[in-house]
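If you count the sequence shown from 1, position 238 lands on 267 in this note's numbering, and the numbers rise without skipping. A virtual CB, placed ideally from N, CA and C, is assigned to each residue, including glycine. It should be emphasised that the depicted structure is a prediction, and the values quoted were computed from it without experimental measurement.
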Amino acid sequence: MSFSKISLIFSIVLSSCIALFYYPKWNKESTEATISWDVSGYYWYLPAFFIYEDIRQLAFSQKIIEQYRPTPSNLQSFTHKNQNQVLKYSGGQAISFFPAFYIGHKFAGWMGYAQDGFSPPYQLAMFLWGLFVSLLGIVFLRLVLLRYFSDVATGITLLVLVFATNFLEYGFITNAMTHNFLFTYYAILLWACIRFYEKPLFQYAALIGFCIGMMALTRPTEILAALLAIGFGMRPALAEVKQRFLFCLRQYEKVFVALLVIACIGSMQLLYWKFVSGDWLVYSYEDQGFSWLRPHILDCLFSGRAGWLVYTPAMVLSLAGFYFLAKTKQELFWTIFLFSLAFFYVTFAWDIWWYGGSVSQRALVQIYPVLAFPLAAFFDQIRKINLYSVSLAGFLLFCTHYNFWMTHHCHFGGLFVAGDMTSEYLRAVFLRNEMPAEARKLLDTRKIYTKEIVQPVTLMTPTDTLHYIGDFCLSDSAQYSPSRKFALPDRKGWLRASGDFITHHKEWEAWKMTQLVLKYFKEGKELRSDVLRIQRHLDQDKEAHLWLDSKLRYEPDSVQIYFWHADSKTSICGSNISLFYHKGE
Numbered sequence: 030m031s032f033s034k035i036s037l038i039f040s041i042v043l044s045s046c047i048a049l050f051y052y053p054k055w056n057k058e059s060t061e062a063t064i065s066w067d068v069s070g071y072y073w074y075l076p077a078f079f080i081y082e083d084i085r086q087l088a089f090s091q092k093i094i095e096q097y098r099p100t101p102s103n104l105q106s107f108t109h110k111n112q113n114q115v116l117k118y119s120g121g122q123a124i125s126f127f128p129a130f131y132i133g134h135k136f137a138g139w140m141g142y143a144q145d146g147f148s149p150p151y152q153l154a155m156f157l158w159g160l161f162v163s164l165l166g167i168v169f170l171r172l173v174l175l176r177y178f179s180d181v182a183t184g185i186t187l188l189v190l191v192f193a194t195n196f197l198e199y200g201f202i203t204n205a206m207t208h209n210f211l212f213t214y215y216a217i218l219l220w221a222c223i224r225f226y227e228k229p230l231f232q233y234a235a236l237i238g239f240c241i242g243m244m245a246l247t248r249p250t251e252i253l254a255a256l257l258a259i260g261f262g263m264r265p266a267l268a269e270v271k272q273r274f275l276f277c278l279r280q281y282e283k284v285f286v287a288l289l290v291i292a293c294i295g296s297m298q299l300l301y302w303k304f305v306s307g308d309w310l311v312y313s314y315e316d317q318g319f320s321w322l323r324p325h326i327l328d329c330l331f332s333g334r335a336g337w338l339v340y341t342p343a344m345v346l347s348l349a350g351f352y353f354l355a356k357t358k359q360e361l362f363w364t365i366f367l368f369s370l371a372f373f374y375v376t377f378a379w380d381i382w383w384y385g386g387s388v389s390q391r392a393l394v395q396i397y398p399v400l401a402f403p404l405a406a407f408f409d410q411i412r413k414i415n416l417y418s419v420s421l422a423g424f425l426l427f428c429t430h431y432n433f434w435m436t437h438h439c440h441f442g443g444l445f446v447a448g449d450m451t452s453e454y455l456r457a458v459f460l461r462n463e464m465p466a467e468a469r470k471l472l473d474t475r476k477i478y479t480k481e482i483v484q485p486v487t488l489m490t491p492t493d494t495l496h497y498i499g500d501f502c503l504s505d506s507a508q509y510s511p512s513r514k515f516a517l518p519d520r521k522g523w524l525r526a527s528g529d530f531i532t533h534h535k536e537w538e539a540w541k542m543t544q545l546v547l548k549y550f551k552e553g554k555e556l557r558s559d560v561l562r563i564q565r566h567l568d569q570d571k572e573a574h575l576w577l578d579s580k581l582r583y584e585p586d587s588v589q590i591y592f593w594h595a596d597s598k599t600s601i602c603g604s605n606i607s608l609f610y611h612k613g614e
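In structure tokens, the structure reads:
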């Protein structure tokens, strides 16, 4: 049996065990369920069309949210100017979900569960379908890679992608997101392109059109995949471009079929928007958009929040592999390289560049079949020049261990806080299994002062030193505490803002947690802020003494202190609010 086949079988067996037994999301509840958060937004079309027959008002939404709590509030749709509800996400993923939805609906009826779209049979069917799609993707990827690379390089590439990257998370645990479905569409598209250019048959043309259409309907920016179909296997030389153009002219019937399939799939979204909103085109992301002139390249690659190479360092080898791909397979290099550049640019230009609660850069997972080409080229060429070494094996083992640590602490360990990570916090918890003292504060602030700070800040009058606002409570109707602005005793040193806090209904969503804010000024101009999210460190119904340590930087001359409830509907009370200063470094 070949090494790549052994790698494939091993990947299928181990990843399936992880999916089915380690953290099976289908039996979780609320925002940990399979159909939750973004997945629920993709999925909402199906119960709206086929169960409730209410695609304009979505009147069933509030009941489902109250019963199953897939999201804290209605994040699946927004109110259009005509007062109808328009679903936020395009419908491609819902179409991909349909087989699982149909099976789940039938089993719910046979087994006596509620046929409401969200009961356990639906959750299980969606989870198993996501697992099947992921496995199908790596099967097709192996077929594709074996056409160009050695059996050993192909096998190692499969192992690295499955176990040393965040495909482990999005392919086998959180496997109802778009990324693993798109991963498989890309793998099938590449296979179909190879077959079409070898033997241009209608079925391959239709499959190319289907993959591109479904990808673009799932995430509109995936229309970039058309670059792969047009240029796959072609050098950017005038003779080859002319040859490809003439080939398409000779096969115009097949090209027309591919374009027709893409158009038919895309028209579904246009018809939905027209039916619900009255407009053919609707920008459903509202205030979210792209910064085309300032893409977040460094943040997306190297930040502590969601840097791809910080949390998925194994893909450094894929980037290095472009050099070997260019040297050995130029017919593959140019299209894959240019497509990757375009995809990186569009992905990194999105203003919400950390993509919500992302484990590494989740928006890159779908193009791993494309990036598998330079990765396999790297392993192929390193092997040929006898540079396989203990250090490379050690690096891959480290990447795998790191990825398993990260995946575990996303779900059970609790040390990885997706979407909120910082470089300082990562350094504090890196490969640990227990939280170091005070380290969780580094999710909000950059520094922790380990020494004692006991000198009260003497500001306007002695009475301003302690209890700067007395006791306070914040709630849905009281979102801000009183604020006070104080002159600093010195422009260097440390401030410690502290108090006693209690809540009887804990806020679990990080962006809605009450923030203790220290805002710094110099000559009236705002410099920066340090914050502490109180509920990160607060147990329900238990009063706790908490503090925020803030290092004075950029020579501020004054500081403002206040609390912001961040639109939370819960309540929290604070007392004994104090501000202390320490002159030391």
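- Task: Keeping to the same chain, check which residues put their C-beta closer than 6 Å to that of Phe501; ignore five residues upstream and five downstream.
- Result: Ser510 and Gly603
- Helix, strand or coil: which one does DSSP assign to Arg334? coil
- Item | Inter-stretch contact at 8 Å, needing at least 3 Cβ pairs: the segment 30-47 / the segment 103-116 | no
- Item | Check whether Asn204 and Gly242 have beta carbons under 9 Å apart | no
- Message: Going by DSSP, what residue range makes up the alpha helix (DSSP H) through Ala573?
- Response: That residue, Ala573, is in no alpha helix (DSSP H); its beta strand (DSSP E) goes Ala573 to Lys580.
- Task: Tell me Phe274's beta-bridge partners as DSSP assigns them.
- Result: Beta-bridge pairing links Phe274 to no other residue.
- Message: Spatial neighbours of Leu581 within its chain, please: C-beta separation below 8 Å, excluding the five flanking residues on both sides.
- Response: Leu517, Asp519, Arg520, Lys521, Gly522, Trp523, Leu524 and Tyr549
- Phe210 versus Pro398, Gly423 and His566, residue with shortest Cα-Cα distance: Pro398
- Name the two residues that bound the continuous beta strand (DSSP E) containing Thr108. Ser106 to Thr108
- Query: For Ala137, does the count of other Cβ atoms within 10 angstroms reach 16, so buried, or fall short, so exposed?
  - Reply: buried
- State the DSSP-derived secondary structure class of Ser65, mapped to helix, strand or coil. coil
- Contacting residues, own chain, Cβ-Cβ under 7 Å from Phe225 (five flanking each side not counted): Tyr233, Ala234 and Ile237
- Message: Tell me the residue span of the beta strand (DSSP E) that contains Ile124.
- Response: Not the beta strand (DSSP E): Ile124 falls in the alpha helix (DSSP H), residues Gly121 to Met140.
- Could you check if Leu608 is buried or exposed, using at least 16 other CB atoms within 10 Å of its CB as the buried criterion? buried
- DSSP three-state call for Val399: helix, strand or coil? helix
- With Trp321 as the anchor, note down where its beta strand (DSSP E) starts and where it stops. Looking at the DSSP string, Trp321 is not in any beta strand (DSSP E), and its letter there is neither H nor E.
- Item | Pair within 9 Å by beta-carbon distance, Ser306 and Asn113 | yes
- For Gln395 versus Arg264, is the C-beta distance shorter than 9 Å? no
- Give the DSSP-derived three-state secondary structure of Ile35 in the structure shown. helix
- Task: Determine the contact status of Ser332 and Val339, defining contact as a CB-CB distance below 9 Å.
- Result: yes
- Message: Please tell me whether Thr63 and Arg98 are closer than 9 Å, where the distance is taken between their beta carbons.
- Response: no
- Task: Report the three-state DSSP secondary structure of Leu545 (helix, strand or coil).
- Result: strand
- Check whether the Cβ atoms of Thr429 and Ser389 sit closer than 9 Å, and answer yes or no. no
- Item | With 16 other Cβ atoms within 10 Å as the buried cut-off, status of Thr490 | Annotation note: pLDDT 39 at Thr490 (below 50); position unreliable, coordinate value reported separately. It is exposed - the Cβ of Thr490 has fewer than 16 other Cβ atoms within 10 Å.
- For Asp493, collect the residues of the same chain with a Cβ closer than 6 Å to its Cβ; drop the 5 residues on either side in sequence, then sort them by chain order. Confidence is the limiting factor: at Asp493 the pLDDT is only 44, short of 50, which leaves the residue's position unreliable and the question unanswerable from this model.
- According to the Cβ coordinates, are Leu200 and Ser44 closer than 9 Å? This sequence places Gly at residue 200; Leu is not what is there. Contact flag set, yes.
- Query: Exposed or buried, which one is Trp309 when buried takes at least 16 other CB atoms within 10 Å?
  - Reply: exposed
- When the distance is taken between beta carbons, is Ala406 closer than 9 Å to Phe178? yes
- Message: Ile93 and Gly146 - do their beta-carbons sit closer together than 9 Å?
- Response: yes
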